[in-house]
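Chains as they are written, first to last, in our numbering: chain C, 1 to 304; chain Y, 305 to 632; chain P, 633 to 1002; chain D, 1003 to 1260.
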Amino acid sequence: MTLQDILLQQLANGLILGSFYALVALGYTMVYGIIKLLNFAHGDLYMIGAFLGFLVLSVLSPLIGDSWVGIMCSMVLSMIAVGLLGVLIQRIAYQPMLSAPRLSILITALAVSMILSNGVLAFTDGEYLAFSTDLGYEGLEFGNVFITYTQMVLVGAAALLMSALYLFVHRTMYGKAMRAIAIDKDACRLMGIHVNRIIALTFFIGTSLAASAGIMAGAYYGSIHFFMGFVIGLKAFTAAVIGGIGSIPGAMLGGLLLGLLESFGTQIPFIGTEWKDVFSFGILILLLVFKPTGILGRTEIERM
Amino acid sequence: MDRLDSAAPGNGDVAGTGGPLRWLESQKNRLIVLTFLAGLAMFLPLISNNYVLEVMTNVWFYVMLCLGLNIVVGYAGLLDLGYAAFFAVGAYTTGILTSHFGVNFWLTIPAAVLFSICAGVIIGGPTLRLRSDYLAIVTLGFGEIVRIIARNLEITGGASGLIGIEKPSLFGFEISQISHFYYVFLLLACLACFVSYRLQHSRLGRAWQYVREDEDAAEAMGIDRVAIKLYAYVIGAIFGGVAGCFFAAKMTAISPETFMFQQSVLILLGVVLGGMGKIPGVIIGAFALVLFPEVFRDLGSSRILVFAIVMLVIMLYRPEGIWPEKKT
Amino acid sequence: MRKTLMLSAVSGVITSLFLFGQVMAADLKIGIMVPTTGSEATSGKDMENAIKLAAMEINESGGVLGMKIDTMTGDDACDPQQGTAAATKLVSADVAAVVGGYCSGATLPTLKIYGDANVPFVIAAANSTKLIDANMGNAYQINSTGFDQTATAVALFEKQGAEKIAVIHQGDGYSEDLAKLTRDKWTEMGKEVVAYEVVNKGEQDHSALVTRIKSKAPDAVFWTAYYADGALLIKQLRQAGYRNLIAVGDGSNSPKLLEIAGKAAEGVYCFSNPTVDYLPAAKDFHANYKKTFDQEPDAYAALAYDGMKLMADAIERAGSTDQDAIIKALGETTSFTGIAGPVSFTDKNTLARSNFVTLIAKDGKWTLSE
Amino acid sequence: MALLEVKNLGLNFAGLQVIKELSFSVQPGSIASLIGPNGAGKTSVFNCLTGFYKPSSGQIVFDGKQITRKRPYKITRSGMARTFQNLRLFKKMTVLENVMSGMHCRTRTGAIGAILRTGSQKREEAEIKDFCEFCLDFVGILDEKDRTASNLSYGHQRRVEWARALATRPKLLLLDEPAAGLNFDEKQQLIELIKRIRDELSITILLIEHDMGLVMKISEMITVIDYGQKIAQGNAEEVQNDPRVIEAYLGREEDEVA
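Structure representation (structure tokens):
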């Protein structure tokens, strides 16, 4: 492989990884944008999504097989289920805490995250489950760069979901209401917007996007595990911050950027795989210190 | 100051009074119970076996860690998800200095304090200006960075860690038995309680509370909130660092796996379960943390699940924790 | 009042601890130290079962020196802190000897505790080379160490004509140890290690690493860590078109690896400790285990079973439960043959022969290679 | 020399000019007022003075020193204290503890002193307590010192804020709408109190107020702003007779009342 080939291949790798980060980061950013809550449980909902997808698929596969059709069907079903779970969590755990001190709601979110991951741990005994599907290894070769059809479909699906979300937020009444609530909740209430309903909708969309990423990851990588949400949750948060937390295009951009950074970072001498995480956490910290609003975020003005 | 101290427990006291055990409300009766418990703690090694001592030593160890984190989370109201990093700094300082450089154990403590302060300033300095939720993530990131550094460097023994750390001796008396360590950690826990108490009821302790309650108003009163938070951070770091030194000496072997994110969460659980910001609450939390898996062995695997559910319920229905609030 | 409740709860818990740690009169008390909770609970419980099965069989045939064996389990949860608690618990309960040890990291700090108490300890599975230095003379390893595995691995690579290899570990003590030993040995032989990498536990996407490795074009890739992440790596290596040799260490010896990696795992080599499936002498054990516990024995069941049997044998030979005598008898073992083969020890208390076998994945199953 | 000198102050929020070229000064020992209709930018001026907002242009000189864009705690330390329009007490703490927060910047014991309870620490704590009790006594609520702040009546909560501000030993006290929500009697007491603060404690006072009667009664110098700009300045009589004030200010005041 020439250097050019390597870089091209890493570009492809980074885009695929970045699409997953972006999908998960979107939920983070939407929830943060609307109620200023850092939802620690978001990564775990990604994990729950993968497990539910696995469950649904194992029920459905005798009927429709475990190839693309099966995966897509189970994806839609578990996206709905996880979306509802997200709404439930919001109602039970976060709604009563909205006026509580920030520390309390953060700890609550942490507790929810631990309940989800340790709940699955108890259920599965900590075992890795093989998410076996019928996806092939065939693909297209561009010179020395090889991309499977599966990877293309994944990136395509992620792009589709993200554009659908973008249109929803910018072209529909619900999307407008979401953006309005992000700016001033009380004013929205006065204007007759069902604030709670819109918040629930935001949770639904955000978590179901995470779930979709979870199922795709499960099917693509081939194994699922109770702890799979932790790392990606952190990375997606980093992505959201890079892009500017609260901004939807920012989350997409941040996700792709982080994916690329990690891929190319592997090639940088002295960083390599050993220091990779130090590298990405370092970026996160530097960014928060020097430009906490990220690339596309707005500066906040806090009033007395 | 003394008047202030005695005034609070005097007219305040336990929520939900009444019932046959009302006598505990008086300062004197509380003192009796406290004396009894202190006596029990003092003489435990005479009446129990090594297993109980080992477990109780672990309890005192977590009491110290939880009290340290309590200064950051409970007093100053900052969510720190990377507290294990400070604990790691202390443990590795002792480990490296004793095993690579042959430094006496007791001399490693001031070094660990120094390094903990440095770590606290490095982590806190640039990040304490951030919003509290960002801070949580940054501390988490720092915790991971410290662990990865420990894993990758040669001097820290890489992923296998350090082994054969010398047990300390004091005036020729070697601290090697579990009963010796029991007293060492009991002493440390008492010291931690004492320091926590004194700090809480001081100018500094009040300043933490002001900043926790209303940062802007505190700043308007001339309190430098960044400096005050950094103070909390650094003192918390020192607690963790010193605890780490003794941990290394007791275990004689340390590895990066001990300082994973889960360890930080465990310590945080101890702080939150019993009641943030209150010393007795934090002690109860530390007890629950260590004793639960020992007593309910069958539930051991789901201990974090049980704790997390309790934590959620506490946050929703009793944010001040199990330990009752004083009323004024 | 709540405060009183709290206090009584605390003292109640302390009292129950006393009761819990109480010594019960028994004929011959043998401690089992394995993780029965935590991430490695499955393997730990399996070892516990195998040891109990061995004890049951010994008791049925008359016991040891006329005494019945009574086992007591200490859970190390694969965690150093809980490991020391478990070891102290066993020592406090005056066990005559201890069998077990699965996670090297958790076993390491317990060696000092058993050493101070002079308790004979047969380490059945843990095999980090760090254990050798920390051993105070009372512990015996019946599983071959990392040195032996490295030798087996290097021999395979050489035989397959590899010149350049890539070594990947997972950043924990066990896999880093093995990776380092292999790297040093390979370079010592004048050959090249083109990549020495680490994968973070729990990460799913290794494509960047795979591209990097592929660009170095190694003749063999050696994964020294566990099956879960190993399966993902193998899958992604094959997906990216890497066609040369892939080998995995004993931590990856699990049917789960084949299940997760699917057809990508075909032809992957694995170095393995003697597990029941490939031991002709283990047929009876296999059947008994299945009958008693209604499940298949896992990778370390055979060694755990042998550990208990060896301990009983040593106590018979010592002729008493005197600790020094048992330790001496263990060291002098020459004629003991367990289901995993004959046992004798080096002067460092490690197994004198290498018990590693090489497996290859064929049609979704591990089979003996050669 | 003026105690407070504001020169060409400007403040922008997201392209919106909240304060434009504002200049005024406060003489030592005076009671000065800043008035203007709703949304004129009065509180924004306060926030600039106390460091909560960073002005985009201009200078603020206090007590001969530049304090423009300094952090709020530094400004408080240099001798300027404030109260908030909507109370910002530490609600869960006692009244005395609230007032003690003001003394923080005038004391220095750190962690070591607190742990060891050194002699100087004990002396300092006693000093803090004495002075805070004096401040509480001065505003007339000493007997409520051990109550939780949130349990006090609104009027008394206001007084806690003043006591807290007095405890910082200020040279200049900024009062943000001190009469808001007070009844007639309380307003009379307020006027008394403001005068006593100036006369007995020799603290200069700058206040923002809606109640024109109150302002006219006590102010020696009044600055009127509208849309962030100064439209008039002078004593009560001068301001009341200024046609621009009558036109721009009182005209709108009527709308508001209606």
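Backbone N, C-alpha and C fix where the C-beta goes; we use that ideal spot for every residue, glycine too.
Selected residue, minimal CA-CA separation from residue i, among the options
| i | options | result |
| --- | --- | --- |
| glycine 1060/D | Asn1010/D, Phe1015/D, Thr1085/D and Gly1230/D | Asn1010/D |
| glycine 476/Y | Asn408/Y, Val617/Y, Ile467/Y and Pro584/Y | Asn408/Y |
| isoleucine 892/P | Lys915/P, Phe917/P and Leu865/P | Leu865/P |
| glutamate 598/Y | Asp678/P, Thr716/P, Arg949/P and Gly676/P | Thr716/P |
| arginine 433/Y | Ala590/Y, Asp528/Y and Leu373/Y | Asp528/Y |
| alanine 863/P | Pro887/P, Ala849/P, Ala798/P and Pro850/P | Pro887/P |
| methionine 1223/D | Pro1057/D, Pro1172/D and Ser1027/D | Ser1027/D |
| arginine 455/Y | Val155/C, Glu274/C and Phe279/C | Glu274/C |
Any chain Y beta carbon closer than 8 Å to residue i
| i | result |
| --- | --- |
| isoleucine 1199/D | no |
| threonine 150/C | no |
| glutamate 127/C | no |
| serine 1103/D | yes |
| phenylalanine 1261/D | This structure leaves residue 1261/D out entirely; chain D is present only between 1003 and 1260. |
| isoleucine 1117/D | yes |
| alanine 1261/D | Any property of residue 1261/D remains undetermined from this structure, which presents chain D solely from 1003 to 1260. |
| alanine 25/C | no |
Cβ of residue i within 8 Å of any chain C Cβ
| i | result |
| --- | --- |
| valine 442/Y | yes |
| glutamate 835/P | yes |
Helix, strand or coil at residue i according to DSSP, with G and I counted as helix
| i | result |
| --- | --- |
| lysine 994/P | strand |
| histidine 801/P | strand |
| tryptophan 1164/D | helix |
| leucine 383/Y | coil |
| cysteine 735/P | coil |
| aspartate 707/P | strand |
| alanine 1151/D | helix |
| asparagine 1049/D | helix |
| arginine 1084/D | strand |
| isoleucine 183/C | helix |
| isoleucine 248/C | helix |
Rounded C-alpha distance that separates residue i from residue j
| i | j | result |
| --- | --- | --- |
| alanine 12/C | isoleucine 147/C | 8 Å |
| methionine 1271/D | leucine 1051/D | Examination of residue 1271/D is not possible in this model, given that chain D is present from 1003 through 1260 alone. |
| leucine 444/Y | leucine 288/C | 13 Å |
| leucine 219/C | glutamate 964/P | Note that residue 219/C corresponds to alanine in the displayed sequence, not to leucine. One C-alpha to the other measures close to 54 Å. |
| isoleucine 959/P | alanine 936/P | 18 Å |
| alanine 961/P | alanine 729/P | 13 Å |
| proline 1039/D | aspartate 1201/D | 29 Å |
| isoleucine 295/C | glycine 259/C | 16 Å |
| alanine 738/P | glycine 805/P | 11 Å |
| glutamine 151/C | isoleucine 89/C | 32 Å |
| leucine 121/C | valine 751/P | 35 Å |
| glycine 548/Y | proline 414/Y | 12 Å |
| leucine 57/C | lysine 823/P | 48 Å |
Heavy atom of the ligand FMN within 7 Å of residue i beta-carbon
| i | result |
| --- | --- |
| valine 112/C | Of the ligands one can find in the structure shown there are none, so the ligand FMN has no counterpart to examine. |
Proximity test, Cβ basis, 8 Å: residue i and chain P
| i | result |
| --- | --- |
| phenylalanine 330/C | Since the first residue of chain C shown is 1 and the last is 304, residue 330/C is not available in this structure. |
| isoleucine 183/C | no |
| phenylalanine 54/C | no |
| serine 223/C | yes |
Short CB-CB distance (under 8 Å) between residue i and chain D
| i | result |
| --- | --- |
| aspartate 309/Y | Low local confidence applies: a pLDDT of 36 at aspartate 309/Y is under 50, so the model's placement there is unreliable, with the coordinate-based value given in what follows. Not one chain D Cβ lies under 8 Å of aspartate 309/Y. |
Quiz prompt | Proximal residues, the region 524–540 of chain Y versus chain D, C-beta separation under 8 Å | solution = Ala524, Met525, Gly526, Ile527, Asp528, Arg529, Tyr535 and Ile539
Quiz item: Going along the chain, which residues of the region 1139–1159 of chain D sit with their C-beta nearer than 9 Å to a C-beta in chain Y?
Solution: Asp1148, Arg1149, Thr1150 and Asn1153
Practice problem: Please name the residues in the region 270–281 of chain C whose beta-carbon is closer than 8 Å to at least one beta-carbon of chain P, in chain order. | Solution: Gly272, Thr273, Glu274, Lys276 and Asp277
Quiz item: Name the residues in the region 755–782 of chain P whose C-beta lies less than 8 Å from a C-beta of chain Y; which are they?
Solution: Ser760, Lys762, Asp765 and Ala766
Practice problem: Name, going along the chain, the residues of the region 1068–1083 of chain D whose beta-carbon falls closer than 7 Å to a beta-carbon of chain Y. | Solution: Pro1074, Tyr1075, Thr1078 and Arg1079
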